[in-house]
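Here's the structure we're looking at; comments come further down.
Protein chains in written order, with my numbering: chain A, 1 to 247; chain B, 248 to 498.
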């Protein structure tokens, strides 16, 4: 495959960036999108040009490290992570525009790399369960109904890649926060901190500069793990309950 | 091709990069969150949904003729008597609607500004293929509806403007004179299309914001309810102007 790539280049956070155009040839359709970028980087290296910086880690779709805006879609045209997107999803001669996640809460560090520390800080505000140390309790000591366990597990598949924020016209992280709220709120261990969790995580979400949710649904369509919009309803309901409880 | 800088270095409030604890919120309050604003929008929006349903029903009285329509208009003033004073019910309604409007619009303005600030550097290419057109029309459509409401009140309530220059003291005749004017009917039909779109997304969105759509089935039900109610309300409102212009409803 022969491709024209229009890629966002930005030397560092403080310097203005711009779209640069590159040509790559002999791209196999079995390559992943990141492998295609690796090929381009080798080409740039041999030409003495600075290679393009992008995030990646496991390259098997489970770590949430990679994430690019490809032709206006978070993680590209398939419902998967960028590392699991293959070049067979594109056609020979295509022009592909590649941009970093765009949100003021996710500042660009270099080229296609953004700082998603905002997500970590939201998690720090309650995306966990406080447990005193000691011997591990028996696994069956706390019964969990199957439906609740399933829903918690589905919500827990969120890998925090940020595609929801990137695809949201409001730059909202509601799907991410909703996934964490649902995951922990479905389980008995999550009940003790349920009210303070939602209030603090949403306050941090707002503080980081993410936008409000308008329930349009671009996030769930872009989510590589298919987290449904239900979790945002759950987030709202937990917030209503917290307000009723006087938080 | 040049683009504005993505980050204004050092300008991000109190954020210290990579020192996570420095930016954690203290004394967070639920009622100051974006979700609280959304809940206010949902509740005030539901007041309007109830109102437009009742208003649409009242308008259809035009099909029953001059006397039935004007009697209905008079009954609205007598509603609740003798427990309420004359026009008492209408004034309660007006106050509730005005408060809802102020809440709905001010929450929308705050959230709109937040959303603009959340992404100051735009994408070169951005597709929104997975959301309805109506959902992207909420803000500008809402603004259109606000302008329409101002005109509508001048037309029929506060100013009573008869565009044909006739009398304004007879509600039915004012209605027929207004919609007998093609351009005015066109404005109203456009506004009803906007209202339909606003309701189509707004009704389901309010259910979601109030936390009532926690599974796939309830979400589908809320979306269907939104669409059906939007068609009924916008369609019901449109019938009267169309039938006046067609000469079916006459003086």
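Glycine included, C-beta positions come from ideal geometry on N, C-alpha and C.
Every value quoted in this text rests on a predicted model; they were computed, and no experiment measured them.
*Determine the closest residue to residue 30 (chain A) out of A:86, A:45 and A:82, with distance taken between C-alpha atoms.*
Position 30 of the first chain, counted from the first residue, corresponds to residue 30 (chain A). Of the listed residues, the one whose Cα sits closest to residue 30 (chain A) is A:86.
_Between the CA atoms of residue 479 (chain B) and residue 496 (chain B) - distance to the nearest angstrom_ = As a first step, residue 496 (chain B) must be located in the second chain, where it is residue number 249. As a first step, residue 479 (chain B) must be located in the second chain, where it is residue number 232. Those two C-alpha atoms are separated by around 20 Å.
*In this structure, does DSSP put residue 216 (chain A) in helix, strand or coil?*
Residue mapping note: residue 216 (chain A) aligns to position 216 of the first chain, counting from 1. Coil.
*Taking residue 6 (chain A) as part of the beta strand (DSSP E), name the residues at either end of that continuous run.*
Numbered from 1 along the first chain, position 6 holds the residue referred to as residue 6 (chain A). Taken as a continuous stretch (DSSP letters only), the beta strand (DSSP E) holding residue 6 (chain A) covers 3 to 9.
*To the nearest angstrom, how far is it from the Cα of residue 156 (chain A) to the Cα of residue 180 (chain A)?*
As a position in the first chain, residue 156 (chain A) is number 156, starting the count at 1. As a position in the first chain, residue 180 (chain A) is number 180, starting the count at 1. When rounded, the distance between both Cα atoms is 7 Å.
_On the DSSP letters alone, give me the boundaries of the alpha helix (DSSP H) that residue 23 (chain A) sits inside._
In the first chain, counting from the first residue as 1, residue 23 (chain A) sits at position 23. Where residue 23 (chain A) is concerned, there is no enclosing alpha helix (DSSP H), although the beta strand (DSSP E) it sits in stretches over 18 to 24.
*Whose CA, out of B:491, B:462, B:396 and B:494, lies closest to the CA of residue 348 (chain B)?*
Locating residue 348 (chain B) in the second chain gives position 101, where the first residue counts as 1. When only C-alpha atoms are compared, the closest one is B:396.
*Could you check which residue in A:218, A:243, A:237 and A:214 has the C-alpha nearest to that of residue 354 (chain B)?*
Here residue 354 (chain B) is taken as the residue at index 107 of the second chain, counted from 1. Measuring from the Cα of residue 354 (chain B), the nearest candidate turns out to be A:214.
_Less than 7 Å between C-beta atoms, sequence neighbours within five positions excluded: which residues of the same chain meet that for residue 25 (chain A)?_
Walking along the first chain from the start, residue 25 (chain A) turns up at place 25. The beta carbon of residue 25 (chain A) lies closer than 7 Å to those of 2 in the same chain, with the five residues before and after it left out.
*Counting contacts by CB-CB distance shorter than 8 Å, is residue 264 (chain B) in contact with chain A?*
Reading the second chain from its first residue, position 17 is the one you call residue 264 (chain B). Bear in mind that the predicted position of residue 264 (chain B) carries a pLDDT of just 48, short of 50, making it unreliable; the figure below should be weighed with that in mind. Interface residue, yes.
*Taking the beta strand (DSSP E) that residue 99 (chain A) falls in, what are its first and last residues?*
For the purposes of this step, residue 99 (chain A) is taken as residue 99 along the first chain, with counting starting at 1. Note, residue 99 (chain A): beta strand (DSSP E), 95 to 99.
*Are three or more beta carbon pairs between the region 359 to 368 of chain B and the region 405 to 419 of chain B nearer than 8 Å?*
Short answer: they don't touch.
*Please look up how many angstroms separate the CB atoms of residue 248 (chain A) and residue 241 (chain A), rounded, as I've assumed it's under 8 Å.*
Nothing can be reported for residue 248 (chain A): it is not among the residues displayed for chain A, which extend from 1 to 247.
*residue 419 (chain B): buried (16+ other C-beta within 10 angstroms of its C-beta) or exposed?*
Taking the first residue of the second chain as 1, we reach residue 419 (chain B) at position 172. Here residue 419 (chain B) is buried, its C-beta having at least 16 other C-beta atoms within 10 Å.
*Kindly list the residues whose CB is nearer than 8 Å to the CB of residue 41 (chain A), restricted to its own chain and excluding five residues on each side of it in sequence; keep chain order.*
Taking the first residue of the first chain as 1, we reach residue 41 (chain A) at position 41. The answer, listed in chain order, is 51 and 52.
_Quick check on residue 116 (chain A): buried or exposed, where buried means 16 or more other Cβ atoms within 10 Å of its Cβ?_
Within the first chain, residue 116 (chain A) is the residue found at index 116, counting from 1. Result: buried.
_Give me the residue from A:162, A:23, A:108 and A:15 with the minimum Cα distance to residue 47 (chain A)._
Counted from its first residue, the first chain places residue 47 (chain A) at position 47. The shortest Cα separation from residue 47 (chain A) among A:162, A:23, A:108 and A:15 belongs to A:23.
*Counting pairs of Cβ atoms below 8 Å between the region 90 to 104 of chain A and the region 159 to 175 of chain A, do you hit three or more?*
yes
_Classification of residue 235 (chain A) by the beta-carbon crowding that lies within 10 angstroms, buried from 16 upward_ = On the first chain, residue 235 (chain A) is found 235 positions in, with the first residue counted as 1. Looking at its Cβ environment, which holds 16 or more other Cβ atoms inside 10 Å, residue 235 (chain A) is buried.
_Tell me which residues share the same chain as residue 333 (chain B) and place their Cβ nearer than 8 Å to its Cβ, disregarding the 5 neighbours each side in the sequence._
Your numbering for residue 333 (chain B) matches position 86 in the second chain. 324 and 325, listed in sequence order.
_Closest by C-alpha distance to residue 57 (chain A), when choosing among A:18, A:239, A:7 and A:113_ = The count along the first chain starts at 1 and reaches residue 57 (chain A) at position 57. For residue 57 (chain A), the closest C-alpha among the options A:18, A:239, A:7 and A:113 is that of A:113.
*Rounded to whole angstroms, what's the CA-CA distance from residue 292 (chain B) to residue 313 (chain B)? Just pull it up for me.*
Reading the second chain from its first residue, position 45 is the one you call residue 292 (chain B). Reading the second chain from its first residue, position 66 is the one you call residue 313 (chain B). Taking the straight line from one Cα to the other gives about 32 Å.
*Straight-line CA distance for residue 269 (chain B) to residue 84 (chain A)?*
Translated into positions along the second chain, residue 269 (chain B) becomes position 22. Translated into positions along the first chain, residue 84 (chain A) becomes position 84. Model confidence at residue 269 (chain B) stands at a pLDDT of 46, short of 50, so the residue's coordinates are unreliable and nothing is read from them.
*Excluding the 5 residues preceding and the 5 following residue 386 (chain B) in the sequence, name in chain order all residues of the same chain whose CB lies nearer than 8 Å to its CB.*
Locating residue 386 (chain B) in the second chain gives position 139, where the first residue counts as 1. Cβ neighbours of residue 386 (chain B) beyond the five flanking positions: 355 and 359.
*Using the Cα positions of residue 408 (chain B) and residue 17 (chain A), report the straight-line distance between them to the nearest angstrom.*
For the purposes of this step, residue 408 (chain B) is identified with residue 161 of the second chain, where counting begins at 1. For the purposes of this step, residue 17 (chain A) is identified with residue 17 of the first chain, where counting begins at 1. Our two residues, residue 408 (chain B) and residue 17 (chain A), have alpha carbons roughly 55 Å apart in a direct line.
*Note down, one range per segment and in chain order, each alpha helix (DSSP H) of at least 4 residues found wholly within the region 325 to 409 of chain B.*
Qualifying alpha helix (DSSP H) stretches, in chain order: 335 to 365, 380 to 383 and 385 to 403.
*Going by the beta-carbon positions, is the gap between residue 286 (chain B) and residue 456 (chain B) smaller than 8 Å?*
Here residue 286 (chain B) corresponds to residue number 39 of the second chain, with the count starting at 1. Here residue 456 (chain B) corresponds to residue number 209 of the second chain, with the count starting at 1. A contact, by the Cβ cut-off of 8 Å.
*Would you please verify whether the beta carbon of residue 104 (chain A) is less than 8 Å from any beta carbon of chain B?*
The sequence position of residue 104 (chain A) within the first chain is 104, counting from 1. It does: the Cβ of residue 104 (chain A) has a partner Cβ on chain B nearer than 8 Å.
_Helix, strand or coil at residue 489 (chain B) [DSSP, three-state]_ = Working through the second chain from its first residue, we reach residue 489 (chain B) at position 242. Correct three-state label for residue 489 (chain B): helix.
_Can you give me the C-alpha to C-alpha distance between residue 4 (chain A) and residue 127 (chain A), rounded to a whole angstrom?_
As a working note, residue 4 (chain A) is residue 4 in the first chain. As a working note, residue 127 (chain A) is residue 127 in the first chain. Distance between the alpha carbons of residue 4 (chain A) and residue 127 (chain A) is about 42 Å.
*Measure the Cβ-Cβ separation of residue 381 (chain B) and residue 444 (chain B) and say whether it is below 8 Å.*
One-based indexing of the second chain puts residue 381 (chain B) at position 134. One-based indexing of the second chain puts residue 444 (chain B) at position 197. Result yes, Cβ atoms of residue 381 (chain B) and residue 444 (chain B) sit closer than 8 Å.
*What three-state label does DSSP hand residue 303 (chain B) in the structure shown?*
Looking up residue 303 (chain B) in the second chain gives position 56. Residue 303 (chain B): helix per DSSP, three-state reduction.
*Cα-Cα separation between residue 311 (chain B) and residue 379 (chain B), rounded to whole angstroms*: As a first step, residue 311 (chain B) must be located in the second chain, where it is residue number 64. As a first step, residue 379 (chain B) must be located in the second chain, where it is residue number 132. Those two C-alpha atoms are separated by around 37 Å.
*What are the boundary residues of the alpha helix (DSSP H) that residue 79 (chain A) is part of?*
On the first chain, residue 79 (chain A) is found 79 positions in, with the first residue counted as 1. First-last for residue 79 (chain A): undefined, no H or E at that position.
_In the DSSP output, what is residue 110 (chain A) paired with across the bridge?_
For the purposes of this step, residue 110 (chain A) is identified with residue 110 of the first chain, where counting begins at 1. DSSP, once it has assigned bridges, lists A:113 as partnering residue 110 (chain A).
*asked:* For residue 34 (chain A), report the span of its alpha helix (DSSP H) as first-last.
replied: Here residue 34 (chain A) corresponds to residue number 34 of the first chain, with the count starting at 1. 33 to 46 is the extent of the alpha helix (DSSP H) around residue 34 (chain A).
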